[in-house]
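The block underneath contains the structure these notes are about, expressed in structure tokens.
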């Protein structure tokens with residue numbers, strides 16, 4: 001039994017997985033064999049268990065499953081250009097007899113294939129030359145677009161003949177209007193189409209005229225004859241369908257006016273521009289003004305501008321009151337050119353509206369000016385500061401704080417509280433040591449002083465820029481060697497160990513240094529004015545205080561009885577001496593001391609009577625005390641000194657007008673002052689008299705507007 005337990009158990013039957021045949025074949029056995037095989041298989045399964053153990057009647061039956069042979073299809077390879085490229089090669093066509101063979105069987109390319117053809121501008125020019133209606137329409141529409149987007153590239157020297165063809169189209173307008181445009185009514189199709197093409201040509205020429213090279217050629221070329229053409233078009237009938245083309249032609253005249261030859265007598269174009277000054281159309285008025293000014297600017301030798309009617313000049317001066325910057329600028333340009341001649345200025349000032357015109361010009365000196373205030377610090381000539389006669393004495397609170405430090409820290413902090421850096425100053429070593437010794441000599445038993453040699457060496461610790469030096473003796477002057485400390489000077493007011501400055505009392509000869517402004521106020525009230533800081537009552541003199549004390553003591557003593565048993569009356573007190581207004585030693589011969597402010601640099605006492613009460617004087621002294629504002633102390637020392645002096649700063653009113661990148665005046669204010677200058681120079685006595693009435697306003701403008709100050713000075717100052 002033990003042998004059976006120690007033996008290993010029998011290994012189980014290994015499982016076999018199903019794997020189909022690699023090359024399955026279909027078998028069709030005879031029917032008899034199949035039946036026999038099926039019968040034998042049935043009998044065998046009935047006598048077998050799942051594990052091959054013979055089963056009996058109650059044993060579970062597990063039939064053996066056999067998968068029939070799979071009938072899988074046989075795969076065939078698919079031919080592709082990659083697997084069988086030889087199957088996909090097309091045979092070359094056989095050459096026909098009498099034809100030329102080409103490599104790879106490609107035919108000859110047709111003419112023009114692969115070429116972009118002519119450029120856009122070349123096609124446009126050729127289209128205009130062709131005269132075909134569709135080509136001309138296409139060329140003009142493309143030129144309108146190009147002239148708007150890239151007008152600088154449309155130059156007549158780069159594209160010769162382009163401007164000539166456009167002017168030829170524009171030159172057909174007078175004949176077209178004469179033939180078909182007698183009335184401003186409904187037009188037929190041919191007239192409307194032709195007018196549209198003329199308007200497009202005028203727009204293209206207008207955009208090309210902005211370029212300086214094109215403008216020079218259009219104005220001076222004898223081929224174009226633009227001046228005569230413009231006069232002919234502008235003098236056409238005022239039909240609504242001609243307004244657009246006239247506007248374009250007027251813009252061209254404005255661009256080319258500077259390049260026209262000198263204006264002659266009875267010039268039709270100039271005459272039409274003069275009549276345009278009376279037009280109600282703003283565009284025509286602006287174009288006429290600008291064209292006249294540019295046509296006569298700097299070359300009006302025969303005073304052609306005098307042909308402008310005086311009514312039109314009056315209208316220009318009236319338009320100055322409008323808030324239209326563009327129109328006002330054009331009117332001022334016209335008035336500037338008009339006032340360059342003495343006859344025109346005399347005619348202008350002789351009119352009743354001449355004086356009002358000058359006032360309008362003065363008003364325009366600050367046109368659209370930005371007003372504001374400018375704070376200016378007046379840096380007056382500073383007198384050299386008086387040298388400090390002695391080293392400032394430290395207040396007791398700083399001394400008590402310094403006594404808590406051991407040596408040499410105490411000496412270092414004392415130097416920093418009493419002295420400051422100053423590269424140009426120096427002090428003798430003996431004076432420095434004596435000042436330190438005299439201040440702390442009373443405390444030497446409890447707080448020993450630093451030796452003199454160590455004290456001098458400690459100067460470089462307190463101030464890095466200071467150093468001990470020896471000035472050698474000079475036999476010529478007889479001076480002895482001098483031992484100094486270079487790079488420090490005494491402070492005007494001491495500072496504490498944390499660097500906070502004390503406030504010096506500037507009352508007469510008082511040299512007290514106070515901790516802050518509040519304590520300085522109490523110090524002045526108590527010591528100099530004689531007012532109690534707590535109650536506000538005047539402090540009484542010593543005799544008056546003694547008298548009140550005697551009265552109080554007599555009331556506390558028991559009464560003395562006389563012979564009749566009645567209390568005796570108190571002896572009369574001596575009369576009180578006159579009470580001085582200020583509790584300071586005074587001359588007994590004086591009955592009162594006048595209350596005057598003795599604060600440093602106070603001008604009030606010199607121009608006003610003395611104060612009547614100490615409290616009134618205290619209110620005045622309060623204005624002298626330095627401000628405790630933290631902002632003031634955060635400023636640089638130079639600005640603190642300027643702001644401390646009420647006369648050291650002034651507020652200037654400013655009126656800033658338009659300027660260029662160099663800061664010089666431009667625009668309407670500049671043109672206005674130039675017109676006024678022409679009136680003063682060429683107006684004679686009448687011009688000076690008119691400007692004299694505006695002298696006050698001109699002086700104000702000269703102060704407010706810095707950019708025009710130089711020009712206005714010529715108007716205000718006399719020639720002498």
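Residue numbers (UniProt numbering): 1 to 720. Using N, Cα and C, we set each Cβ at its ideal position, and we do this for glycine too.
Residue burial classification, residue 500 (beta-carbon count within 10 angstroms, cutoff 16): On the chain shown, residue 500 is found 500 positions in, with the first residue counted as 1. With fewer than 16 other Cβ atoms within 10 Å, it is exposed.
Within 8 Å, strictly: CB atoms of residue 649 and residue 376: Reading the chain shown from its first residue, position 649 is the one you call residue 649. Reading the chain shown from its first residue, position 376 is the one you call residue 376. Judged by their CB atoms, residue 649 and residue 376 are nearer to each other than the 8 Å cut-off.
Simplified DSSP assignment, three categories, for residue 487: If you number the chain shown from 1, residue 487 lands on position 487. Three-state DSSP puts residue 487 in a strand.
Candidates 272, 525, 149: closest to residue 237 by CA position: By 1-based counting over the chain shown, the position of residue 237 is 237. The residue with the shortest Cα to Cα distance from residue 237 is 272.
Nearest residue (CA-CA) to residue 219, options 145, 600, 198, 252: Residue mapping note: residue 219 aligns to position 219 of the chain shown, counting from 1. Minimum Cα distance to residue 219 is reached at 252.
Test item: CB-CB of residue 502 and residue 395 under 8 Å: Along the chain shown, one-based indexing puts residue 502 at 502. Along the chain shown, one-based indexing puts residue 395 at 395. Result yes, Cβ atoms of residue 502 and residue 395 sit closer than 8 Å.
Buried versus exposed, by CB contacts within 10 Å (16 or more), residue 691: Reading the chain shown from its first residue, position 691 is the one you call residue 691. Buried, because 16 or more other Cβ atoms sit within 10 Å of the Cβ of residue 691.
Cα-Cα separation between residue 310 and residue 653, rounded to whole angstroms: Position 310 of the chain shown, counted from the first residue, corresponds to residue 310. Position 653 of the chain shown, counted from the first residue, corresponds to residue 653. C-alpha separation (whole angstroms): 40 Å.
Contact between the stretch 253 to 269 and the stretch 209 to 229 (3+ Cβ pairs under 8 Å): yes
CA-to-CA distance, residue 115 to residue 295, given in whole angstroms: On the chain shown, residue 295 is found 295 positions in, with the first residue counted as 1. On the chain shown, residue 115 is found 115 positions in, with the first residue counted as 1. Residue 295 and residue 115: Cα-Cα distance of roughly 50 Å.
Residue 423 - DSSP class collapsed to helix/strand/coil: The residue given as residue 423 occupies position 423 in the chain shown. The answer is strand: DSSP assigns residue 423 an E or B state.
Neighbourhood of residue 439 by C-beta distance below 8 Å, restricted to the same chain and skipping five residues each side: Walking along the chain shown from the start, residue 439 turns up at place 439. These residues qualify, in order along the chain: 393, 394, 399, 414.
Within 8 Å, strictly: CB atoms of residue 364 and residue 668: Along the chain shown, read from residue 1 onward, the residue named residue 364 stands at position 364. Along the chain shown, read from residue 1 onward, the residue named residue 668 stands at position 668. Yes, these two residues count as a Cβ contact at 8 Å.
Exposure label - residue 662; buried when at least 16 CB within 10 Å: For this step, residue 662 is matched to residue 662 along the chain shown. Flag for residue 662 reads exposed.
Endpoints, alpha helix (DSSP H) assigned at residue 736: The first residue shown for the chain is 1 and the last is 720, placing residue 736 beyond what the model contains.
Residue 717, buried or exposed, once every other Cβ within 10 Å from all chains shown has been counted against 16: Looking up residue 717 in the chain shown gives position 717. The residue in question, residue 717, is exposed, as its Cβ has fewer than 16 Cβ neighbours within 10 Å.
Chain-order list of residues whose beta-carbon lies under 7 Å from that of residue 514 (same chain, five-residue window excluded): As a position in the chain shown, residue 514 is number 514, starting the count at 1. Only 502, 503, 505, 520, 523 meet the Cβ criterion.
Residue 372, DSSP secondary structure in three states: Looking up residue 372 in the chain shown gives position 372. Reduced to three states, the DSSP call for residue 372 is strand.
Rounded separation between residue 493 and residue 409 - CA only: Here residue 493 is taken as the residue at index 493 of the chain shown, counted from 1. Here residue 409 is taken as the residue at index 409 of the chain shown, counted from 1. About 21 Å.
Opposing strand residues paired with residue 310 [DSSP bridges]: Locating residue 310 in the chain shown gives position 310, counting from the first residue. Partner(s): none; residue 310 has no beta bridge.
Nearest to residue 710 (by Cα), restricted to the options 684, 694, 677: Your numbering for residue 710 matches position 710 in the chain shown. When only C-alpha atoms are compared, the closest one is 677.
Buried/exposed call for residue 354, threshold 16 Cβ in 10 Å: What you label residue 354 is simply residue 354 of the chain shown in a count that begins at 1. Taking a 10 Å sphere around the C-beta of residue 354, we find 16 or more other C-beta atoms and assign the residue as buried.
Nonlocal neighbours in the same chain, by C-beta distance under 7 Å from residue 597, ignoring five residues either side: Sequence index remark: in the chain shown, residue 597 carries index 597 (1-based). Correct list, in chain order: 604, 605, 617, 620, 621.
Separation of residue 13 from residue 2, as counted between CA atoms: Looking up residue 2 in the chain shown gives position 2. Looking up residue 13 in the chain shown gives position 13. Low local confidence applies: a pLDDT of 46 at residue 2 is under 50, so the model's placement there is unreliable, and no value is given.
7 Å Cβ shell around residue 249 - same chain, five flanking residues per side excluded: By one-based count along the chain shown, residue 249 stands at place 249. These residues qualify, in order along the chain: 202, 230, 233, 234.
Alpha-carbon spacing of residue 117 relative to residue 111, whole angstroms: As a working mapping, residue 117 is identified with position 117 in the chain shown. As a working mapping, residue 111 is identified with position 111 in the chain shown. If you take the alpha carbons of residue 117 and residue 111, they lie about 12 Å apart.
Backbone secondary structure at residue 463 - three-state DSSP: By one-based count along the chain shown, residue 463 stands at place 463. Here residue 463 sits in coil by DSSP.
Within the stretch 492 to 531, ranges of the alpha helix (DSSP H) (whole runs, at least 4 residues): 517 to 523
Where residue 470 sits in the DSSP three-state scheme: Taking the chain shown and counting its residues from 1, one reaches residue 470 at position 470. Three-state result, residue 470: strand.
Close-in-space but distant-in-sequence residues of the same chain around residue 702 (CB under 8 Å, 5 per side omitted): As a working mapping, residue 702 is identified with position 702 in the chain shown. Counting only Cβ-Cβ distances below 8 Å, and skipping sequence neighbours, we find 708, 709, 712, 713, 716.
Rounded straight-line distance, which links the Cα of residue 246 to that of residue 288: Your numbering for residue 288 matches position 288 in the chain shown. Your numbering for residue 246 matches position 246 in the chain shown. Going from the Cα of residue 288 to the Cα of residue 246 covers about 12 Å.
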